[in-house]
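Chemist:
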Amino acid sequence: MSRRRDPEAGAAESDELERLCDGLRRLEAPFDEITRSRAETRLGAELERQPAWGTRRGLGRAVALLAVGAAMGAVLASRAVGTAGRPRPAVSGASSLRDEPRFEPYVVAPTTGVGTATVPEALVRPTSRLDVPAGWLVRASLGDAIAITLKGPARAWSEPAAESAAGRRTVIHLERGRLLASLEGGAGRRLQIVSPGAVTDVVGTLFSVEVVGAASRVAVAHGRVQVSATPESPGGAARAPREVTAGQSWLTTLPEPDDIEPALVDALAEHERTPAPRGAAVPLSVAEAPAGTGVWVGKRRIASAPAWVLVESHVAVRLSAPPRSAASEPSSPPTEPAAEPAHQRPRPRSEPRARATPPADWPPPLTEPGADPTEPPAFAASAAVTAQSLFREADAARAAGDTALALRTLRTLIERFPRESATAAARYELALMEGTTGHEDAALRDLAAIDTPSLEEPTEYLRCRVLAKRAASQAERCLADFRRRFPTSAHDADALASETALAMVRGGCPAAQALLTELARLHPEHRSAARLRAACGGRP
Amino acid sequence: MKIRDRLAPSRAVSLRRGSEPDDTALIAAARLGDGAAFARLFRRHADTVRTRITRLVGPVAERDDLVQKVFIAFHRGLPAWRGEARLSTYLHRIAVNTAFDHLRGRYRSAENEGPPDAEALVEQLSPALEDQVAARADLARLLALLDQLSPKKRIAFVLVAVEGCSLAEAAALIGAREDTVKQRALDARRYLLARLAAAKREMPPAEGTS
Chain S
0 MSRRRDPEAG
10 AAESDELERL
20 CDGLRRLEAP
30 FDEITRSRAE
40 TRLGAELERQ
50 PAWGTRRGLG
60 RAVALLAVGA
70 AMGAVLASRA
80 VGTAGRPRPA
90 VSGASSLRDE
100 PRFEPYVVAP
110 TTGVGTATVP
120 EALVRPTSRL
130 DVPAGWLVRA
140 SLGDAIAITL
150 KGPARAWSEP
160 AAESAAGRRT
170 VIHLERGRLL
180 ASLEGGAGRR
190 LQIVSPGAVT
200 DVVGTLFSVE
210 VVGAASRVAV
220 AHGRVQVSAT
230 PESPGGAARA
240 PREVTAGQSW
250 LTTLPEPDDI
260 EPALVDALAE
270 HERTPAPRGA
280 AVPLSVAEAP
290 AGTGVWVGKR
300 RIASAPAWVL
310 VESHVAVRLS
320 APPRSAASEP
330 SSPPTEPAAE
340 PAHQRPRPRS
350 EPRARATPPA
360 DWPPPLTEPG
370 ADPTEPPAFA
380 ASAAVTAQSL
390 FREADAARAA
400 GDTALALRTL
410 RTLIERFPRE
420 SATAAARYEL
430 ALMEGTTGHE
440 DAALRDLAAI
450 DTPSLEEPTE
460 YLRCRVLAKR
470 AASQAERCLA
480 DFRRRFPTSA
490 HDADALASET
500 ALAMVRGGCP
510 AAQALLTELA
520 RLHPEHRSAA
530 RLRAACGGRP
Chain C
0 MKIRDRLAPS
10 RAVSLRRGSE
20 PDDTALIAAA
30 RLGDGAAFAR
40 LFRRHADTVR
50 TRITRLVGPV
60 AERDDLVQKV
70 FIAFHRGLPA
80 WRGEARLSTY
90 LHRIAVNTAF
100 DHLRGRYRSA
110 ENEGPPDAEA
120 LVEQLSPALE
130 DQVAARADLA
140 RLLALLDQLS
150 PKKRIAFVLV
160 AVEGCSLAEA
170 AALIGAREDT
180 VKQRALDARR
190 YLLARLAAAK
200 REMPPAEGTS
């Protein structure tokens with residue numbers, strides 16, 4: 000059919016369409032090493048989130064739990080921590096596959112930190128209705144993009160998500176208390192919070208809604224939300240929707256918003272720093288450890304015992320001894336351990352380090368001899384750590400904006416798995432990040448160590464870009480060489496434009512004239528072409 | 000993948016070292032929970048799936064997510080796998096459905112998003128692709144034209160006119176009747192020809208031809 004001439008169209012158009020189709024027919028789009036590594040690690044993570052099929056369900060769960068249990072054996076004492084709680088396989092985030100969204104708790108911990116007996120079982124179960132009693136804090140995910148924190152006393156429930164042409168809208172009703180929420184923005188994702196006297200519409204942001212009598216206070220840390228005061232709001236009829244932007248806090252009965260209170264900014268920041276686990280996750284109950292014992296996931300303290308947490312199966316979890324004061328003074332003023340940023344914890348260097356003296360039946364020390372128990376424990380190698388899992392962690396850290404963690408994780412990957420296929424991709428990613436954070440020497444070293452043929456072209460181009468930051472003449476030669484070696488590169492236009500600009504800086508328009516002509520001939524639509532032409536008096 | 004490898008190590012089908020097992024052997028192993036076998040299937044077919052997805056929807060940013068969806072759907076379907084079709088055909092069918100879902104979502108929200116920047120998308124294409132595409136402007140132009148088609152017509156056209164499928168093959172992949180597929184492909188073709196003719200009329204005459 001494709002080669003047949005259409006009698007209604009001219010022969011020229013038919014030939015042209017055939018020529019265009021031929022281009023698409025010859026198109027091949029294989030993965031390169033980097034995208035293949037990413038795709039494979041993400042697929043592995045995603046498959047672990049899928050419910051196991053058939054008879055493997057039980058086996059999968061059992062083996063997964065055993066594997067994680069074994070991994071944690073090195074760092075967790077079995078008496079203090081056990082896989083417990085929810086009757087479900089090692090699956091998290093599956094709510095996105097369901098029509099009815101449910102809150103999936105991933106941290107349940109007391110807000111007072113001490114003196115609390117056990118974690119209420121009702122707080123641990125996935126539910127569409129969360130009723131958090133006073134003294135407890137629950138962090139929960141709702142689908143893939145929403146995470147909330149409720150500090151008791153608080154009550155919220157979700158209603159079935161509404162699908163429309165505009166996307167998927169999730170609605171949370173807040174009946175009492177304060178809700179901290181974050182929504183990862185994305186096409187078609189919308190969140191609505193219905194609370195007394197207000198309806199808050201969100202597209203992607205970090206914010207809180209607090210019930211204040213018959214009204215609501217809405218505060219925003221990032222982004223903006225739209226709040227509609229409803230008719231039952233004190234003050235009478237509904238008013239026009241108001242936009243509440245970052246740094247503002249608006250009580251719906253007041254005419255104007257105030258500044259957001261610093262304590263709430265801290266609480267929202269802590270909420271953001273404690274995201275829901277992604278990929279395979281395992282529930283852990285830290286029930287028998289002394290009250291106040293810190294629960295650490297990687298470098299983050301996410302709760303204090305007694306607590307129930309849902310953690311990614313490949314990460315190491317450690318406990319840190321409780322502060323001496325917490326162990327001996329159960330009635331000390333309430334603190335919110337899960338909401339206490341590690342870097343803000345006061346710890347004068349001159350003070351003796353707090354070290355719990357464990358009772359005789361208490362498991363072996365959880366920290367290395369000489370280590371500071373109030374510091375996050377060092378990264379613990381677990382049996383579950385692989386090159387792919389580290390690559391995935393680095394990817395997640397980079398996506399979350401934690402460049403330092405991403406860099407560390409990639410370096411760990413390279414050191415521990417020097418011959419894995421993911422290592423070359425990791426070196427490239429590392430160099431990319433180092434190059435953009437001012438560590439050009441390190442970036443060039445990492446690039447020089449990549450010897451995978453399929454990465455030759457992107458590696459060489461990145462080397463030129465890194466050089467451009469520190470040695471213009473070397474970069475110019477590098478780009479010229481790159482264009483000779485890879486004449487059909489997708490980066491050709493950018494490389495030529497950069498080479499032109501560097502030549503212009505070196506010797507003015509005369510030095511760049513030939514390159515300008517070539518740029519106009521080969522890539523006239525390049526975003527920098529007009530600007531470069533104009534700089535030399537040409538027509539922009 | 001590595002974590003999944005551990006899920007059922009004792010039940011994994013043993014694959015002989017040194018030999019490259021065929022798809023059937025790998026599928027049998029994957030059905031028993033051997034994550035490594037599934038990973039090998041992924042590595043073996045991922046490039047083809049990615050290419051087909053790219054031809055169907057263009058080199059969009061979500062293309063790797065679509066590839067992932069294809070393999071997740073394949074994994075879900077493993078228990079029911081009866082080997083009646085070749086794996087490549089089975090994956091092609093899933094890829095067509097996945098592409099259709101993606102295009103339908105994009106088509107619905109096209110008014111909000113504005114026209115896709117085909118030129119910018121083509122910039123993202125890999126060097127290997129560049130080797131085989133003589134004129135990137137042509138590719139960008141065709142992708143922009145395809146974006147104007149409804150998802151059903153676009154997929155029918157790409158399968159028949161680009162992939163070279165027979166009407167029967169395309170109908171089987173789409174899950175529609177042959178005459179329906181034929182009509183969609185013809186409609187698409189007529190539309191594209193009309194757009195090409197209109198574009199030619201709008202072009203200023205070349206120098207020296209007036």
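Those sequence lines, one after another, are chains S and C.
Here numbering that gives the first Met the number 0 is used: position 184 in the first sequence is 183, and no number is missing along the way.
Here numbering that gives the first Met the number 0 is used: position 168 in the second sequence is 167, and no number is missing along the way.
The beta-carbon is built from N, C-alpha and C at its ideal position, and this holds for glycine as well.
Keep in mind it's a predicted model, so treat the numbers as computed, not measured.
(1) Is the Cβ of C463(S) closer than 9 Å to any Cβ of chain C?
(2) Mind checking R30(C): buried by the 16 CB within 10 Å criterion, or exposed?
(3) Looking at C-alpha atoms only, which residue of L250(S), S207(S), G203(S) is the closest neighbour of A214(S)?
(4) Between the region 33–44 of chain S and chain C, which residues of the former have CB atoms less than 8 Å from a CB of the latter, in chain order?
(5) Determine, using beta carbons only, whether R54(C) comes closer than 9 Å to chain S.
(6) Please classify T204(S) as buried or exposed, where buried requires at least 16 other C-beta atoms within 10 Å of its C-beta.
(7) So V264(S) is in the alpha helix (DSSP H); what residue range does that whole segment cover?
(8) Measuring CB to CB, does F41(C) end up less than 9 Å from L389(S)?
(9) Taking Cβ-Cβ distances below 8 Å as the criterion, which residues of the region 64–96 of chain C are in contact with chain S?
(10) Does the Cβ-Cβ distance between L102(C) and L55(C) come in under 9 Å?
(11) So which residues of chain C does F30(S) contact, with C-beta pairs closer than 7 Å?
(12) Taking all protein chains shown into account, decide if E12(S) is buried (16 or more other Cβ within 10 angstroms of its Cβ) or exposed.
(13) Would A197(S) and G222(S) qualify as a contact pair, given that the criterion is a beta-carbon distance under 9 Å?
(14) Could you please give the first and the last residue of the uninterrupted beta strand (DSSP E) stretch that includes F206(S)?
(15) Distance cutoff 9 Å, beta carbons only. Does S13(S) sit that close to anything in chain C?
(16) Going by alpha carbons, who is nearest to E162(C) out of E498(S), R25(S), A302(S), C535(S)?
(17) With distances taken Cα to Cα, identify the nearest neighbour of V69(C) among D178(C), R92(C), T179(C), V159(C).
(18) Report the neighbours of L478(S) on chain C: residues whose CB is nearer than 7 Å to its CB, in chain order.
(19) Pull the bridge partners of F73(C) from the DSSP assignment, please.
(20) Just checking: is the beta-carbon of A27(C) within a distance shorter than 9 Å of some beta-carbon in chain S?
(21) Taking the CB atoms as reference points, tell me whether V107(S) and L136(S) lie closer together than 9 Å.
(22) Could you check which residue in A139(S), S127(S), A121(S), F485(S) has the C-alpha nearest to that of Y105(S)?
(23) Going along chain S in order, which residues have a C-beta closer than 8 Å to the C-beta of P150(C)?
(24) Determine whether the Cβ of G9(S) lies closer than 9 Å to any Cβ atom of chain C.
(25) Between A38(C) and chain S, is there a C-beta pair that is closer than 9 Å?
(26) What residues in its chain sit with their C-beta under 6 Å from that of A184(C), if we drop five residues either side in the sequence?
(27) Could you tell me which chain S residues have their CB closer than 8 Å to the CB of P20(C), listed as they occur along the chain?
(28) Starting from V159(C), trace the alpha helix (DSSP H) both ways and give me its first and last residue.
(29) Tell me whether V180(C) sits in a helix, a strand or coil according to DSSP, three-state version.
(30) Suppose the cutoff is 6 Å on Cβ atoms and the five residues either side in sequence are ignored; what does the same chain contact list for V226(S) look like?
(31) Interface residues of chain C around L190(S) at Cβ under 9 Å?
(32) Report buried or exposed for A121(S), applying the criterion of at least 16 other Cβ atoms within 10 angstroms of its Cβ.
(33) Quick one: what's S527(S) bridged to in DSSP?
(34) Given this structure, state the Cα-to-Cα distance separating E83(C) from L19(S), to the nearest angstrom.
(35) Closer than 9 Å, CB to CB, is L195(C) near chain S or not?
(36) For L409(S), which of helix, strand or coil comes out of DSSP?
Modeler: Judging by the given coordinates:
(1) No, its Cβ sits nowhere closer than 9 Å to a Cβ of chain C.
(2) By the Cβ neighbour-count rule, R30(C) is buried, with 16 or more other Cβ atoms within 10 Å of its own.
(3) It is L250(S).
(4) T34, R35, R37, A38, E39, T40, R41, L42, G43
(5) yes
(6) buried
(7) 261–272
(8) no
(9) V66, Q67, F70, I71, H74, R75, L77, P78
(10) yes
(11) Those are A45, D46, R49, listed as they occur along chain C.
(12) buried
(13) No; because the gap between Cβ atoms is not below 9 Å, this pair is not in contact.
(14) Segment 204–211, the beta strand (DSSP E) holding F206(S).
(15) yes
(16) R25(S)
(17) Comparing Cα positions, the closest option is R92(C).
(18) Here the premise fails: no neighbours, minimum Cβ distance about 16 Å.
(19) DSSP, once it has assigned bridges, lists no residue as partnering F73(C).
(20) no
(21) Between V107(S) and L136(S), the C-beta spacing is below 9 Å.
(22) A139(S)
(23) In chain order: nothing, as chain S lies at least about 14 Å away.
(24) yes
(25) yes
(26) Result list for A184(C): A155, F156, V159, in chain order.
(27) Correct list: empty, because the minimum Cβ distance to chain S is about 19 Å.
(28) Counting along the chain, V159(C) falls outside any alpha helix (DSSP H), and DSSP gives it neither H nor E.
(29) In this structure, V180(C) counts as helix in the three-state DSSP scheme.
(30) A197, T199, V217, R241, V243
(31) Going along chain C, no residue has its Cβ under 9 Å from L190(S), so there is no contact; the nearest lies around 18 Å.
(32) Result: exposed.
(33) DSSP output for S527(S) lists no bridge partner at all.
(34) 35 Å
(35) yes
(36) helix
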